[in-house]
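Number of protein chains: 2
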Amino acid sequence: MSTAAAARRDVPDAAVARLPGYLRALTALAAAGTASVSSEELAAGAGVSSAMLRKDLSHLGSYGVRGVGYDVEHLASEIAAALGLTQDWPVAIVGMGNLGRALAAYRGFAERGFRVIALLDHDERIVGEEVAGCPVRPMSALPELVHEQGLAIGVIATPPDGAQVACDLLVEAGVRSVLNFASVVLTVPDDVTVRRVDLSTELQILAFHGHRSAVAEAVAR
Amino acid sequence: MSTAAAARRDVPDAAVARLPGYLRALTALAAAGTASVSSEELAAGAGVSSAMLRKDLSHLGSYGVRGVGYDVEHLASEIAAALGLTQDWPVAIVGMGNLGRALAAYRGFAERGFRVIALLDHDERIVGEEVAGCPVRPMSALPELVHEQGLAIGVIATPPDGAQVACDLLVEAGVRSVLNFASVVLTVPDDVTVRRVDLSTELQILAFHGHRSAVAEAVAR
DNA sequence: TGATGTGAAAATTTTCACAGCG
DNA sequence: CGCTGTGAAAATTTTCACATCA
Chain A
1 MSTAAAARRD VPDAAVARLP GYLRALTALA AAGTASVSSE ELAAGAGVSS AMLRKDLSHL
61 GSYGVRGVGY DVEHLASEIA AALGLTQDWP VAIVGMGNLG RALAAYRGFA ERGFRVIALL
121 DHDERIVGEE VAGCPVRPMS ALPELVHEQG LAIGVIATPP DGAQVACDLL VEAGVRSVLN
181 FASVVLTVPD DVTVRRVDLS TELQILAFHG HRSAVAEAVA R
Chain B
1 MSTAAAARRD VPDAAVARLP GYLRALTALA AAGTASVSSE ELAAGAGVSS AMLRKDLSHL
61 GSYGVRGVGY DVEHLASEIA AALGLTQDWP VAIVGMGNLG RALAAYRGFA ERGFRVIALL
121 DHDERIVGEE VAGCPVRPMS ALPELVHEQG LAIGVIATPP DGAQVACDLL VEAGVRSVLN
181 FASVVLTVPD DVTVRRVDLS TELQILAFHG HRSAVAEAVA R
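Next up, the structure:
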């Protein structure tokens with residue numbers, strides 16, 4: 001077993017969630033031609049404290065040089081390896097409404113090997129239509145996509161009431177990672193990972209903070 | 001000071017982040033005609049444990065009835081009040097690229113009083129264009145939007161290299177809450193709250209989990 | 001009786017501070 | 001010398017388990 005594979009087992013969730021941020025900061029440094037970086041500088045670029053950065057990286061291995069810092073390219077490739085980004089991750093987007101079409105047109109997926117291999121919809125009237133240069137396929141295409149094209153990640157962009165059904169079909173076909181844009185909690189087996197992205201939730205959290213500081217100001221006056 | 005305002009001061013961040021989920025579950029229950037709910041049922045709807053739900057709610061006040069449960073409508077209005085959703089929150093979207101246009105067309109904002117009052121872009125060639133029935137305005141409109149229309153939340157949908165400039169203009173105009181879709185860490189004063197939504201980060205976290213379980217399987221074999 | 005609300009315990013996450021090494 | 005890597009401490013979050021009260 002490689003060092004990376006051995007270490008990967010016990011990386012705390014909180015640290016995993018920050019690895020993509022470190023990778024992005026490193027990519028920016030590499031693009032700017034920087035070869036070496038200190039934990040202080042890298043942490044600033046990722047918006048965390050230097051102690052936290054060092055602790056997070058210590059879970060992956062010991063890739064720095066004391067008194068010097070980290071080699072930008074090397075650390076980037078180690079983090080990419082820890083995240084599993086050396087392989088590619090075929091993605092399917094389910095639900096060709098407003099949001100699904102926007103995601104299909106969005107270029108964010110292409111970065112880092114997330115290849116959109118299919119657009120799906122449950123509605124027969126939409127199936128066959130072209131979205132962002134791709135034909136919309138029926139949900140029944142899922143098993144084939146998993147077995148023949150290695151589909152690994154499902155993105156759910158359906159309305160809330162169709163999300164659980166869409167998720168069940170993904171899971172049944174063998175997909176083990178789901179990114180859920182619908183405002184519902186999905187029920188899945190233990191071996192399936194779901195992450196939710198919800199605009200409405202984020203705005204409400206911002207409202208809380210905005211409201212709280214308004215109250216604090218009123219009290220201070 | 002009201003009970004809600006008094007209690008709001010010390011709600012842990014982790015609990016605040018879950019309040020929108022409880023509110024959504026309660027709204028669904030109310031729509032289904034359910035008048036009363038136990039912590040067990042509500043927690044299931046929000047995807048958390050019942051103990052966590054009760055602990056979270058205890059930070060807002062004591063709104064349940066022992067031996068019975070919670071009144072759906074009443075609890076929903078208490079949570080809405082704690083989140084500051086009794087007032088409305090004018091929103092501006094900055095950056096009319098692919099993502100900005102999708103957000104402008106997205107109806108998710110309209111829920112819960114997040115009213116999109118302006119679409120902005122820094123590019124003069126785009127200013128004046130109509131997107132989703134709204135004229136695109138220049139960044140110079142910001143001070144007026146804040147002072148005359150109470151603009152409170154800025155949504156940044158610009159490319160990464162324009163995000164900090166856009167953020168600075170929002171903050172300078174008086175906006176204190178920012179939702180950032182760009183893949184960069186924004187630097188802001190202490191009294192400004194920023195939340196980041198990043199597709200690429202979420203996909204990379206999913207890749208980590210997918211990769212890890214693949215490794216676990218290989219070891220087990 | 002039965003589900004809430006809550007102290008106390010456990011687990012997790014973050015910060016501190018410095019030993020250790022290039 | 002300077003910066004990493006890391007034990008130990010502090011802070012935060014989650015779970016447990018039961019006293020409490022309608």
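Same order as they appear, the protein sequences are chains A and B.
Position 44 of the first sequence, counted from 1, bears residue number 44 in full-length UniProt numbering, the numbering being contiguous throughout.
Position 90 of the second sequence, counted from 1, bears residue number 90 in full-length UniProt numbering, the numbering being contiguous throughout.
Positions of the beta carbon are idealized from the N, C-alpha and C atoms, including for glycine.
Bear in mind the structure is a predicted one, so any value in this text is a computation, not a measurement.
Cβ of residue i within 9 Å of any chain B Cβ
i	result
residue 209 of chain A	yes
residue 1 of chain A	In this predicted model, residue 1 of chain A has a pLDDT of only 42, less than 50, meaning its place in the structure is not dependable enough to derive any value.
residue 111 of chain A	yes
residue 164 of chain A	no
residue 37 of chain A	no
residue 47 of chain A	yes
residue 11 of chain A	yes
Chain A contact residues for residue i, given Cβ-Cβ distances below 7 Å
i	result
residue 34 of chain B	Under the 7 Å cutoff, chain A gives no residues; its nearest Cβ is about 16 Å from residue 34 of chain B.
residue 105 of chain B	98
residue 213 of chain B	176 and 191
Limits of the alpha helix (DSSP H) - the one that residue i falls within
i	result
residue 27 of chain A	13-31
residue 213 of chain B	199-220
residue 51 of chain A	50-58
residue 135 of chain A	Run containing residue 135 of chain A: none in the alpha helix (DSSP H); it sits in the beta strand (DSSP E), 134-137.
residue 107 of chain A	Unbroken run through residue 107 of chain A: none, as it is neither H nor E.
residue 35 of chain B	No alpha helix (DSSP H) contains residue 35 of chain B, which DSSP labels as neither H nor E.
residue 85 of chain B	Element bounds for residue 85 of chain B: n/a, residue is neither H nor E.
residue 166 of chain A	160-173
residue 146 of chain B	142-149
Residue-level contact to chain A via CB, residue i, 9 Å cutoff
i	result
residue 61 of chain B	no
residue 20 of chain B	yes
residue 5 of chain B	Because the pLDDT of residue 5 of chain B is 47, which lies under 50, any placement of that residue in the model is unreliable, and the number read from its coordinates should be weighed accordingly. Yes - at least one Cβ of chain A is within 9 Å of the one on residue 5 of chain B.
7 Å Cβ cut-off: residues of chain B touching residue i
i	result
residue 206 of chain A	153, 177, 179, 193 and 195
residue 16 of chain A	205 and 208
Extent of the continuous beta strand (DSSP E) run through residue i
i	result
residue 71 of chain A	69-71
residue 62 of chain A	Neither: residue 62 of chain A is in no beta strand (DSSP E) and is coded neither H nor E.
residue 116 of chain B	116-120
residue 192 of chain B	Careful: residue 192 of chain B lies outside any beta strand (DSSP E) and carries neither H nor E.
residue 154 of chain A	153-156
residue 127 of chain A	First-last for residue 127 of chain A: undefined, no H or E at that position.
residue 91 of chain B	91-94
residue 177 of chain B	177-180
Chain-ordered chain A contacts of residue i [CB-CB under 9 Å]
i	result
residue 200 of chain B	20, 24, 108, 109, 111, 112 and 114
residue 119 of chain B	Those within 9 Å of residue 119 of chain B in chain A number zero; the least Cβ separation is about 15 Å.
residue 102 of chain B	98, 99, 101, 102, 103, 105 and 106
Contacts around residue i, its chain only, beta-carbon distance under 8 Å, and the 5 residues preceding and following it disregarded
i	result
residue 104 of chain B	93, 96, 116, 119, 131, 132 and 134
residue 1 of chain A	Low confidence applies here, because residue 1 of chain A scores a pLDDT of 42, under 50, leaving its location unreliable; read the following figure in that light. Counting only Cβ-Cβ distances below 8 Å, and skipping sequence neighbours, we find nothing.
residue 65 of chain A	71
residue 214 of chain B	none
Interface residues of chain A facing residue i [CB-CB closer than 8 Å]
i	result
residue 64 of chain B	Those within 8 Å of residue 64 of chain B in chain A number zero; the least Cβ separation is about 21 Å.
residue 92 of chain B	The contacting residues do not exist; residue 92 of chain B stays about 13 Å from chain A at best.
residue 50 of chain B	Simply none; closest approach about 14 Å.
6 Å Cβ shell around residue i - same chain, five flanking residues per side excluded
i	result
residue 190 of chain B	none
residue 146 of chain B	173 and 174
residue 195 of chain A	179
residue 138 of chain A	127
residue 69 of chain B	36, 37 and 38
Close Cβ partners of residue i (< 7 Å) along its chain, the five nearest in sequence each way excluded
i	result
residue 167 of chain A	156, 178, 186 and 188
residue 208 of chain B	none
residue 80 of chain A	23 and 86
- request: Could you run through the stretch 132-159 of chain B and flag, in chain order, every residue whose CB is less than 8 Å away from some CB of chain A?
  value: 152 and 153
message: Taking beta-carbon pairs under 9 Å, can you tell me which members of the stretch 168-191 of chain A lie near chain B?
response: 176, 177, 178, 179, 183, 184, 185, 186, 187 and 191
message: Along the stretch 72-90 of chain A, where does the CB come closer than 7 Å to a CB of chain B? Name the residues.
response: 83, 84, 85 and 89
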